[in-house]
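Below you'll find the structure, written out as structure tokens, and then a few comments.
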Amino acid sequence: MIEFLRSLVLPFADMVSSPTFFVEVLVGGIAAGLMYSLVALGFVLIFKASGVFNFAQGVMVLFAALTLVGLMERGMPVPVALALTVAVMIALAFAIERVVLRPLVNQEHIILFMATIGLNFFLEGLGEQLWGSNVKRLDIGIPDESFSVAGVLLNKLELSAALTAAVLVTVLAVFFQRTRIGRALRAVADDHEAALSIGIPLKTIWVIVWSVAGIVAIAAGVMWGAKSGVQFSLSLVALKALPVLILGGFESVPGAIVGGLIIGVGEKVAEVYWGPLVGGAIENWFAYVLALAFLLFRPQGLFGERIIERV
Amino acid sequence: MTEASGPLLSVEDISVRFGALMALSRVSVEVHRREILAIIGPNGAGKTTLLNVVSGFYHPYEGRIRFEGRDRTSLKPPDVAELGIARTFQNVALFRGMSVLDNIMTGRLLKMGGHFLLDAVWYGPARRQELAHRAAVERIIDFLEIQAIRKTPAGRLPYGLQKRVELARALAAEPKLLLLDEPMAGMNVEEKEDMCRFILDVNSEFGTTIALIEHDMGVVMDISDRVVVLDYGRKIADGPPEQVRKDQAVLDAYLGVAHD
Chain A
1 MIEFLRSLVL PFADMVSSPT FFVEVLVGGI AAGLMYSLVA LGFVLIFKAS GVFNFAQGVM
61 VLFAALTLVG LMERGMPVPV ALALTVAVMI ALAFAIERVV LRPLVNQEHI ILFMATIGLN
121 FFLEGLGEQL WGSNVKRLDI GIPDESFSVA GVLLNKLELS AALTAAVLVT VLAVFFQRTR
181 IGRALRAVAD DHEAALSIGI PLKTIWVIVW SVAGIVAIAA GVMWGAKSGV QFSLSLVALK
241 ALPVLILGGF ESVPGAIVGG LIIGVGEKVA EVYWGPLVGG AIENWFAYVL ALAFLLFRPQ
301 GLFGERIIER V
Chain B
1 MTEASGPLLS VEDISVRFGA LMALSRVSVE VHRREILAII GPNGAGKTTL LNVVSGFYHP
61 YEGRIRFEGR DRTSLKPPDV AELGIARTFQ NVALFRGMSV LDNIMTGRLL KMGGHFLLDA
121 VWYGPARRQE LAHRAAVERI IDFLEIQAIR KTPAGRLPYG LQKRVELARA LAAEPKLLLL
181 DEPMAGMNVE EKEDMCRFIL DVNSEFGTTI ALIEHDMGVV MDISDRVVVL DYGRKIADGP
241 PEQVRKDQAV LDAYLGVAHD
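Put into structure tokens, the structure is as follows:
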């Protein structure tokens with residue numbers, strides 16, 4: 001028993017005795033966490049603006065990455081392909097508003113949710129149809145190699161991914177928290193009819209959020225794609241975003257950021273220091289167990305709105 | 001007829017059809033500047049449909065709607081709001097998760113200048129603008145006596161207060177025409193008296209033209225300058241309250257006619 005407790009506490013001593021290694025682990029965790037935040041942010045934006053959980057967010061990541069790789073394979077330079085992919089995602093937002101959302105104004109949230117499941121399958125099929133289904137390598141010109149700063153080993157690709165994610169996350173947070181768009185978004189999410197009656201252009205708002213969610217999907221697709229290749233499993237990145245959302249709250253932009261960081265750092269530290277204790281692979285379940293704990297004790301998440309039902 | 005002297009809103013011969021059901025058939029109504037117009041009629045008479053047509057949620061398949069002399073028959077709800085027509089809903093449509101203050105602030109979205117997207121870039125001006133609008137909203141909060149609940153989420157308020165907050169949100173847009181769909185439904189006597197007072201005060205202090213749907217005849221007779229009566233999608237009476245009260249067609253619609 002004492003032996004077991006000792007082994008639980010011992011990793012803290014390891015952290016102190018080898019600070020450079022600990023910093024490396026932290027940086028790795030933050031990098032991964034920011035990428036989770038990025039995916040989660042796509043969900044949060046759409047949830048805020050329509051009260052809908054967008055089941056297709058993961059596939060949007062895959063679709064964006066597939067489009068980018070597909071264009072690059074046809075010989076386009078990275079900037080041109082990137083710009084075109086952005087255009088494709090914005091066009092997709094317009095199409096989704098016109099074909100999926102507009103006919104469903106004022107319907108129950110669950111119906112819109114079902115519509116996004118349909119969208120999920122449609123995009124998955126379209127992506128494969130257009131670009132093929134084999135695994136593709138995505139090379140954006142940043143080498144997957146490491147360099148050392150003050151004795152701490154850092155990975156170039158991870159670092160640039162983290163930086164991009166940080167910039168994107170900050171810009172979006174300012175955009176949606178600090179402007180009246182934030183309030184308009186919440187208004188639209190709460191009541192379509194009332195939002196229309198006070199002059200909020202529902203269509204514009206929807207096109208904006210879906211476009212932004214599409215652009216976020218490109219960023220996420222590029223980062224994850226460069227690391228592990230562009231393939232179907234990319235759409236499963238969305239699964240990792242779920243615990244982030246549960247931690248941060250479904251409608252909170254800062255929540256998505258903090259939630260992502262907690263999970264990213266948490267799972268790396270747990271894996272490296274406590275992994276050997278249980279035979280490893282903590283990274284695979286850490287996020288979900290944490291989410292489960294949150295569901296039990298704080299279901300609205302860290303930053304979510306408390307749900308109080310009048311009876 | 002010059003623009004300033006003509007009616008603020010004129011609905012000319014509009015018909016609305018839902019499948020085989022004629023919700024409104026060739027209805028014409030004028031709303032004059034600064035008046036309080038009551039629209040009454042038995043259930044299913046087409047009162048709310050009329051309001052929905054005016055605010056752009058439904059479009060008539062025939063007839064025209066003119067606001068301040070200009071045709072606006074085919075406008076959509078956000079465009080109608082931009083013209084200066086605000087409304088409340090029969091079943092309160094507040095943003096339930098937002099505080100009362102935020103709810104009322106949304107009413108001012110259209111008053112805020114500049115484009116949505118530019119706000120993010122010009123953060124300073126956006127902030128100053130927000131504060132100016134906040135002052136206007138506080139005046140409305142004082143006016144409607146809801147200071148105590150400004151931070152409360154709208155969804156947690158009792159029904160009567162929700163109706164009042166909805167009125168506040170509509171007022172925040174400083175509308176030229178205010179459409180109220182059963183502003184007093186489900187209220188107790190005291191709440192009704194308060195609401196009547198607010199409606200009269202809005203009309204006299206801000207000069208807002210008001211068209212309202214109401215079932216409580218006592219209220220209608222007390223506060224309205226003119227009454228329009230609908231029955232089965234047709235207009236059956238239009239005139240001052242005293243006159244409408246004695247109208248045989250209105251009495252028949254409400255009390256029924258002996259078929260013999």
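Going down the list, the protein sequences come from chains A and B. Every letter in the first sequence is one number past the one before it in the numbering used here, and letter 163, counting from 1, is 163. Every letter in the second sequence is one number past the one before it in the numbering used here, and letter 260, counting from 1, is 260. Positions of the beta carbon are idealized from the N, C-alpha and C atoms, including for glycine.
C-beta contact flag for A:Val-59 and A:Leu-123 at 8 Å: Here residue 59 of chain A refers to the residue found at position 59 of the first sequence. Here residue 123 of chain A refers to the residue found at position 123 of the first sequence. The answer is yes: Cβ separation under 8 Å.
Cutoff 6 Å; reference A:Glu-24; Cβ partners in own chain excluding five residues on either side: As a first step, residue 24 of chain A must be located in the first sequence, where it is residue number 24. So the list reads Val-152 and Leu-153, once near-sequence residues are dropped.
Pair within 8 Å by beta-carbon distance, A:Gly-221 and A:Ala-64: Here residue 221 of chain A corresponds to residue number 221 of the first sequence, with the count starting at 1. Here residue 64 of chain A corresponds to residue number 64 of the first sequence, with the count starting at 1. Yes, they are a contact pair.
A:Gly-260 at chain B interface by Cβ criterion, 8 Å: The count along the first sequence starts at 1 and reaches residue 260 of chain A at position 260. So, not an interface residue.
Euclidean distance between Cα positions of B:Phe-67 and A:Val-86: Walking along the second sequence from the start, residue 67 of chain B turns up at place 67. Walking along the first sequence from the start, residue 86 of chain A turns up at place 86. Looking at the two C-alpha atoms, the distance is approximately 42 Å.
Alpha-carbon to alpha-carbon, A:Phe-47 and B:Glu-35: As a first step, residue 35 of chain B is located in the second sequence; it is residue number 35 there, counting from the start. As a first step, residue 47 of chain A is located in the first sequence; it is residue number 47 there, counting from the start. About 42 Å.
Alpha carbon of A:Ser-50 to alpha carbon of A:Val-188, nearest angstrom: Taking the first residue of the first sequence as 1, we reach residue 50 of chain A at position 50. Taking the first residue of the first sequence as 1, we reach residue 188 of chain A at position 188. Roughly 6 Å between the two C-alpha positions.
Reduced DSSP category for B:Ser-204 - H, G, I as helix; E, B as strand; rest coil: What you label residue 204 of chain B is simply residue 204 of the second sequence in a count that begins at 1. Looking at B:Ser-204 - three-state DSSP - the assignment turns out to be helix.
Residue from A:Ile-181, A:Leu-245, A:Val-78 and A:Ala-287 whose Cα sits closest to the Cα of A:Ala-270: To locate residue 270 of chain A, count along the first sequence from 1; it is residue 270. Measuring from the Cα of A:Ala-270, the nearest candidate turns out to be A:Ala-287.
Segment limits, alpha helix (DSSP H) that includes B:Arg-164: If you number the second sequence from 1, residue 164 of chain B lands on position 164. Taken as a continuous stretch (DSSP letters only), the alpha helix (DSSP H) holding B:Arg-164 covers 159 to 172.
Nearest residue (CA-CA) to B:Met-22, options B:Val-229, B:Asp-222, B:Glu-193 and B:Thr-49: As a first step, residue 22 of chain B is located in the second sequence; it is residue number 22 there, counting from the start. The shortest C-alpha separation from B:Met-22 is found at B:Thr-49.
Where A:Asn-106 falls: helix, strand or coil (DSSP): As a position in the first sequence, residue 106 of chain A is number 106, starting the count at 1. Per DSSP, reduced to three states, the secondary structure at A:Asn-106 is coil, with no helix or strand assignment.
Interfacial residues, the stretch 130 to 160 of chain A to chain B, with Cβ spacing under 7 Å: none
Nearest-angstrom Cα separation, counted from B:Gly-233 out to A:Arg-298: Counted from its first residue, the first sequence places residue 298 of chain A at position 298. Counted from its first residue, the second sequence places residue 233 of chain B at position 233. Cα-Cα distance, rounded: 52 Å.
Chain A within 8 Å of B:Phe-95, Cβ atoms only: In the second sequence, residue 95 of chain B corresponds to position 95, counting from 1. So yes, B:Phe-95 belongs to the interface.
Short CB-CB distance (under 8 Å) between A:Ile-312 and chain B: Here chain A has residues from 1 to 311 only, and residue 312 of chain A is not among them.
Cα-Cα separation between A:Leu-34 and A:Lys-227, rounded to whole angstroms: Against the first sequence, residue 34 of chain A aligns to sequence position 34. Against the first sequence, residue 227 of chain A aligns to sequence position 227. Approximately 14 Å between the Cα atoms of the pair.
Buried or exposed by the 16-neighbour rule on C-beta atoms within 10 Å, applied to A:Trp-206: As a first step, residue 206 of chain A is located in the first sequence; it is residue number 206 there, counting from the start. By the 10 Å Cβ count, A:Trp-206 comes out buried.
C-beta neighbour in chain B for A:Ala-194, strict 8 Å: Residue numbering aside, residue 194 of chain A sits at position 194 when the first sequence is read from its first letter. It does; some Cβ of chain B falls within 8 Å.
Cα-Cα separation, A:Gly-249 to A:Leu-172: In the first sequence, residue 249 of chain A corresponds to position 249, counting from 1. In the first sequence, residue 172 of chain A corresponds to position 172, counting from 1. Answer to the nearest angstrom: the Cα atoms are 17 Å apart.
Separation of B:Gly-69 from B:Ala-148, as counted between CA atoms: One-based indexing of the second sequence puts residue 148 of chain B at position 148. One-based indexing of the second sequence puts residue 69 of chain B at position 69. Taking the straight line from one Cα to the other gives about 41 Å.
Member of B:Arg-128, B:Gln-129, B:Ile-104 and B:Pro-153 whose CA lies at the smallest distance from the CA of B:Phe-143: To locate residue 143 of chain B, count along the second sequence from 1; it is residue 143. When only C-alpha atoms are compared, the closest one is B:Ile-104.
Contact check, B:Leu-110 vs B:Ala-173, beta carbons under 8 Å: Along the second sequence, one-based indexing puts residue 110 of chain B at 110. Along the second sequence, one-based indexing puts residue 173 of chain B at 173. In this structure, B:Ala-173 lies closer than 8 Å to B:Leu-110 by Cβ.
Near-chain A residues of the stretch 15 to 42 of chain B (beta-carbon distance less than 7 Å), N- to C-terminal order: Residues: none.
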